[in-house]
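To start, the structure under review is shown below, and the notes come after it.
Number of protein chains: 2
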Amino acid sequence: MIVHKYLDIPPTEDAPGVLRRVVIGPDEGAPRFIMRVFHVEPGCSTPFHSHWWEHEVFVLEGDGVVKSREDESKIGEGMVVFIAPNEEHCFTNTGNGVLRFICVIPLS
Amino acid sequence: MIVHKYLDIPPTEDAPGVLRRVVIGPDEGAPRFIMRVFHVEPGCSTPFHSHWWEHEVFVLEGDGVVKSREDESKIGEGMVVFIAPNEEHCFTNTGNGVLRFICVIPLS
Chain W
31 MIVHKYLDIP
41 PTEDAPGVLR
51 RVVIGPDEGA
61 PRFIMRVFHV
71 EPGCSTPFHS
81 HWWEHEVFVL
91 EGDGVVKSRE
101 DESKIGEGMV
111 VFIAPNEEHC
121 FTNTGNGVLR
131 FICVIPLS
Chain P
31 MIVHKYLDIP
41 PTEDAPGVLR
51 RVVIGPDEGA
61 PRFIMRVFHV
71 EPGCSTPFHS
81 HWWEHEVFVL
91 EGDGVVKSRE
101 DESKIGEGMV
111 VFIAPNEEHC
121 FTNTGNGVLR
131 FICVIPLS
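Protein sequences, first through last, are from chains W and P.
The numbering of the first sequence is the numbering used here, which starts it at 31 and goes up by one.
The numbering of the second sequence is the numbering used here, which starts it at 31 and goes up by one.
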């Protein structure tokens, strides 16, 4: 088994104000899916896009919205979001503090 | 897309003092893996067992230990745990408050 603090993983900047950490992935031996943690700064957003894989999201902290082509929902601590494969989406921080969420995706 | 509060999902009691919620699963259309959230009461523990599937865990709150046959580690908020397929393990709450963690597994 492998145990570590997620903040010890170096982040990559996916977009302005959007940091992504792969906290459990191929380096840990994950065979099927990987866990990432995102930090989104106030006013910043992940890109509006779609892809073949789903997202399973748990919001750790902050206030934001998640948008699809047809829909928009407020999100906050303790909320979960399922984005189906090929569904367009983005996550935007609408609050004053960081928006932090876990996002699990299949291993490509 | 589906958005809800994880606490709105009714829990099942897996063991004394151990509540499990499937917060994203087949009901939401998850095709490959499912997200669960566990609440473990002080002094309580998930069973020491193994199975073919891996665990990808994120600790939300509390203090505990995760044990395997060879190893034992303290866990707390912001720590992640990878349990490989077929590795024996259990999670025990050693603190005074609830131990809460996310645990993602493949869909069987």
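A virtual CB, placed ideally from N, CA and C, is assigned to each residue, including glycine.
Since the structure is predicted, the reported quantities are computational estimates derived from the model, not experimental observations.
For residue i, which residues from the same chain have a beta carbon less than 7 Å from its beta carbon, with the 5 sequence-adjacent residues on both sides left out?
i       : result
Pro77/P : Ala45 and Cys120
Leu90/W : Glu107, Arg130, Phe131 and Ile132
Report buried or exposed for residue i, applying the criterion of at least 16 other Cβ atoms within 10 angstroms of its Cβ.
i        : result
Arg99/W  : exposed
Thr42/P  : exposed
His79/P  : exposed
Gly59/W  : exposed
Gly127/P : exposed
Gly73/P  : exposed
Beta-carbon within less than 8 Å of residue i's beta-carbon, same chain only, minus the 5 sequence neighbours each way: which residues are those?
i        : result
Arg62/P  : Pro136 and Leu137
Val48/P  : Phe68, His69, Val70, Glu71, Cys74, Ser75 and Thr76
Pro115/P : His81, Trp82, Trp83 and Glu84
How big is the Cα-Cα spacing for residue i and residue j?
i        : j        : result
Glu117/P : Glu84/P  : 8 Å
His81/P  : Ile113/P : 10 Å
Val160/W : Ile54/W  : Absent from the structure is residue 160/W, since the part of chain W shown begins at 31 and ends at 138.
Ile32/P  : Pro40/P  : 17 Å
Tyr36/W  : Asp101/P : 20 Å
Asp57/P  : Ile64/P  : 10 Å
His34/W  : Glu86/P  : 12 Å
Asp38/P  : Asp38/W  : 32 Å
Between residue i and the rest of its own chain, which residues show a CB-CB distance below 6 Å, the 5 nearest in sequence each way excluded?
i        : result
Ser75/P  : Cys120 and Thr122
Ser103/P : Val96
Phe88/W  : Val110 and Ile132
Arg66/W  : Arg50, Val52 and Cys133
Asp93/P  : Gly106, Thr124 and Gly125
What residues from chain W crowd round residue i, counting only those whose CB sits closer than 9 Å?
i        : result
Pro136/P : Pro61, Arg62 and Phe63
Phe88/P  : Tyr36, Val53, Ile54, Met65, Val67, Phe88, Leu90 and Ile132
Given that residue i touches chain A, what residues does it touch there, using C-beta distances under 8 Å?
i        : result
Gly108/W : As a matter of chain content, chain A is missing from the structure shown, whose protein chains are W and P.
Could you tell me which chain P residues have their CB closer than 8 Å to the CB of residue i, listed as they occur along the chain?
i        : result
Asp151/W : Residue 151/W falls outside the range modelled here, since chain W spans only 31 to 138, and no answer is possible.
Glu43/W  : Going along chain P, no residue has its Cβ under 8 Å from Glu43/W, so there is no contact; the nearest lies around 20 Å.
Pro115/W : Pro61
Ile84/W  : The sequence given here places Glu at residue 84/W; Ile does not occur at that position. Ala60, Pro61 and Arg62, listed in chain order.
Check the Cβ of residue i against every Cβ in chain P and list those closer than 7 Å, keeping chain order.
i        : result
His119/W : Met31
Glu58/W  : Phe112
Taking residue i as the query, report the chain P residues whose CB atoms sit under 9 Å from its CB, ordered along the chain.
i       : result
Val96/W : Met31 and Val33
Does the beta carbon of residue i fall short of 6 Å from some heavy atom of the ligand NAD?
i        : result
Asn116/W : As for the ligand NAD, it is missing from this structure, which has no ligand bound.
Exercise. Please list the segments of the beta strand (DSSP E) lying wholly inside the stretch 75-135 of chain W, counting only runs of 3 or more residues, in order along the chain.
Key: Listed in chain order, they are 85-91, 93-97, 102-106, 109-113 and 120-123.
Quiz item: Which whole runs of the beta strand (DSSP E) in the stretch 45-78 of chain P are 3 residues long or more, in chain order?
Solution: 48-54 and 63-70
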